[in-house]
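Adding 4 to a residue's 1-based position in the sequence shown gives its number in our numbering.
For every residue, glycine included, the Cβ atom is placed at its ideal position computed from N, Cα and C.
Every value quoted in this text rests on a predicted model; they were computed, and no experiment measured them.
To start, the structure itself, in structure tokens.
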Amino acid sequence: MKRVLLASALLFLVFAGCHGFGFNCHGFGGVRGSGISREETRSLSDFNAVDIGGAYEVNITCGSTPGVTISAESNILPLIKSEISGNTLHIYNTKSINPKKKIKVNITASNIDEVETSGASNITVENVNNDRIKLDASGAGKMYLSGKTGMLRLSLSGAVKVEARDLLADNANVEISGASKAEVYASKELRADISGVGSLDYYGNPKNVRRSVSGIGSITEK
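This is the structure we're talking about:
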């Protein structure tokens with residue numbers, strides 16, 4: 005019961021914070037979607053990191069020419085910005101929006117080694133093939149990853165769910181706080197730090213496991 009109450013409180017704070025502190029969220033007023041769908045493809049220079057702010061359906065495919073295609077309602081599409089700063093692609097709303105239809109963002113890149121997200125986006129990252137990848141997620145989103153990497157660094161807060169058992173990592177370093185949940189694969193070493201009511205399931209039978217749990221969180225080998 006304590007776990008359920010704490011998780012519910014954290015979820016409330018996530019969404020209350022989204023509305024109360026001025027983020028450009030969905031569903032709290034703002035620009036109402038027209039109901040007419042449009043799609044726009046935007047050319048981009050090279051990047052290897054992605055920062056998602058908002059509530060989108062995002063698919064990131066590695067190993068392709070850099071670009072982004074966004075599908076949204078006609079009056080909302082111009083409010084979704086895609087811009088590169090340094091080596092990072094930022095996707096975000098310029099105003100608060102209230103869409104009638106899901107916003108879909110398809111991103112292609114030669115390589116991705118960092119993904120950061122806040123809000124409630126559902127993100128898929130496919131064909132990862134690199135030495136290391138870092139994921140930093142907060143809010144109430146979901147993420148799925150596949151491919152292979154030498155090192156996975158995962159930092160979750162809020163009520164995020166990450167499915168990364170299909171991302172075959174040699175080593176994984178995981179930090180989870182709040183009510184977030186994750187599945188990861190590590191064949192050599194796993195380092196995990198869980199606080200709050202978070203949970204981690206791990207696969208791959210790593211030879212070395214270092215774990216720390218505070219609160220009523222859990223770390224489970226599968």
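Asked                                                                                                                                                                      : Found
Suppose you measure from the CA of residue 142 to the CA of residue 170; what does that come to, to the nearest Å?                                                         : 21 Å
Using a 10 Å radius around the Cβ and a threshold of 16 neighbouring Cβ atoms, would you call residue 104 buried or exposed?                                               : exposed
Return the chain-ordered list of same chain residues with a C-beta closer than 6 Å to the C-beta of residue 128, the five sequence neighbours on each side being excluded. : 63 and 148
Kindly indicate which three-state DSSP category residue 83 falls into: helix, strand or coil?                                                                              : helix
For residue 57, does the three-state DSSP call read helix, strand or coil?                                                                                                 : strand
Residue 308 and residue 166: beta carbons closer than 7 Å?                                                                                                                 : There is no way to answer for residue 308, as the model of the chain reaches only from 5 to 226.
Could you check if residue 211 is buried or exposed, using at least 16 other CB atoms within 10 Å of its CB as the buried criterion?                                       : exposed
Use the C-beta contact count for residue 157: other C-beta atoms within 10 angstroms, 16 or more gives buried, fewer gives exposed.                                        : buried
Can you give me the Cβ contacts of residue 215 inside the same chain, cut-off strictly under 6 Å, excluding the 5 residues immediately before and after it?                : 196 and 223
Under the rule that 16 or more other beta-carbon atoms within 10 Å means buried, what is residue 107, buried or exposed?                                                   : buried
Are residue 91 and residue 53 close, meaning C-beta to C-beta below 7 Å?                                                                                                   : yes
Going by beta carbon distance, what residues of the same chain come within less than 7 Å of residue 47, once the five residues before and after it are set aside?          : 71
Quick one: using the 10 Å Cβ neighbour count with 16 as the cut-off for buried, is residue 50 buried or exposed?                                                           : exposed
Would you mind working out which of 204, 65, 221 and 37 sits nearest residue 133, comparing C-alpha positions?                                                             : 65
Since residue 151 sits in a beta bridge, which residues does DSSP pair it with?                                                                                            : 132 and 171
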